[in-house]
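Here is the structure we will look at.
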Amino acid sequence: MTITRTRPGLLGRAIDSAGRQLLPQGFEHLIVVDDCPETYAFLRRPGALPPHAGWLLAARGPHDVSGPGRSSRLRNMAVRISRSPWITFLDDDNEWEPGHLASLLECAERTGHRAVHSQLRMVHPDGSPFLDPRDPWSEDHEKGRAEYERMLAKGVVERGTCVRRDRLDPLGVPDPVISVDTGEWLLARELLLRIPFRDDFDAHDEAGRVGEDDKLAMALRESREPVSCTGLPTLRYYLGGYSNNFSRTFDPTFSWREQGTR
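Quick note: to get my numbering, add 1226 to the position in the sequence shown (first position is 1).
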């Protein structure tokens, strides 16, 4: 499932990567257009979508804004209307490697777990590898370097490579790693109906760049849901989204917190 708004060019790249998945049984790619005429027109063009893809247009109310709360509500809506036993997520600015879905399904079948995830390669918007020794979600450079060193000690990152070995440490682990991007997950629909994406975000979340993927990971951890990882970096994660963009406004409606909660 992909949520998209105002970025049809990037969406086309994401759609292409989903179409290259190596799955003998096939899958459905649902695209949720967040009230954007430009993207709506793009998807209505002849040949814009492969046969396995479909889309729906989500209208906005007068107080709806872009941000993690809106994304959570759209994801939850898509989960409710889906009839697939398994759900994955692909942000419109990211890509999947061809073996992404197959490796996730194999991991779920092998472990019997309802929550499995991949790992990722982090790249700049132009596709070049992100090799800076800092955490890209920290606006303060000193804090970013300190967090990188912590992740280095934990085995999540490694100098000279853009691979990020994300994981979700269980309860009881000291100084845990709680880092799985939305696009890395394969989750049972029944699990997402029981533990949906949280849509409440406050000033503390904004200061810490806590997104809907962070809250989902914490909720899964707190519920003691068993989690497995493929160990494969099959998500190509492009920097420049709202969680690591500190210099420009890509959507004038964006707000970390809902209107009226500032």
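Glycine included, C-beta positions come from ideal geometry on N, C-alpha and C.
The structure presented is a predicted model; accordingly, all values stated were derived computationally and were not measured.
Residue range of the unbroken alpha helix (DSSP H) whose run includes residue i
i, result
"Ile1421", "No alpha helix (DSSP H) holds Ile1421; DSSP gives it neither H nor E."
"Ala1240", "1234-1245"
"Pro1263", "1263-1269"
"Gly1434", "1429-1434"
"Ala1379", "1367-1380"
"Asp1440", "1438-1448"
Residue j beta carbon less than 9 Å from that of residue i
i, j, result
"Glu1321", "Ala1240", "yes"
"Leu1330", "Thr1479", "no"
"Ser1297", "Ile1229", "yes"
"Gly1245", "His1278", "yes"
"Gly1280", "Glu1484", "no"
"Leu1397", "Arg1424", "no"
"Gln1247", "His1326", "yes"
"Asp1366", "Arg1231", "no"
"Trp1482", "Glu1432", "yes"
"Leu1300", "Ala1274", "no"
"Ala1328", "Met1227", "no"
"Pro1362", "Gly1370", "yes"
"Cys1388", "Leu1413", "no"
"Gly1295", "Asp1426", "yes"
"Ile1257", "Leu1282", "yes"
"Leu1269", "Pro1324", "no"
Interface flag, residue i vs chain D, CB-CB below 9 Å
i, result
"Arg1336", "In summary, chain D is missing from the structure at hand, where a single protein chain is found."
Per DSSP, cross-strand counterpart(s) of residue i
i, result
"Asp1169", "Residue 1169 is absent from the model: the chain starts at 1227 and stops at 1488."
"Trp1230", "Per the sequence shown, residue 1230 should be read as Thr rather than Trp. Looking at the DSSP assignment, Thr1230 forms a beta bridge with Val1259."
"Gln1345", "Pro1459"
"Arg1390", "Leu1346"
"Pro1355", "Val1349"
"Ser1469", "DSSP lists no partner for Ser1469."
"Ser1405", "Arg1393"
Range covered by the beta strand (DSSP E) that runs through residue i
i, result
"Ala1279", "1279-1284"
"Trp1411", "1411-1414"
"Ser1454", "1453-1464"
Please give me, in chain order, every unbroken run of the alpha helix (DSSP H) with length at least 4 that falls completely inside the segment 1294-1342.
1294-1307, 1326-1337
Would the segment 1258-1268 count as touching the segment 1443-1456 if we require 3 or more Cβ pairs under 8 Å?
no
Quick check: the segment 1391-1399 against the segment 1329-1348, are at least 3 beta-carbon pairs closer than 8 Å?
yes
Given 8 Å as the limit, is there contact between the segment 1310-1320 and the segment 1411-1423, that is, 3 or more CB pairs closer than that?
yes
Is it the case that the segment 1462-1470 contacts the segment 1346-1360, given that we only count it when at least three CB pairs across the two stretches are under 8 Å?
yes
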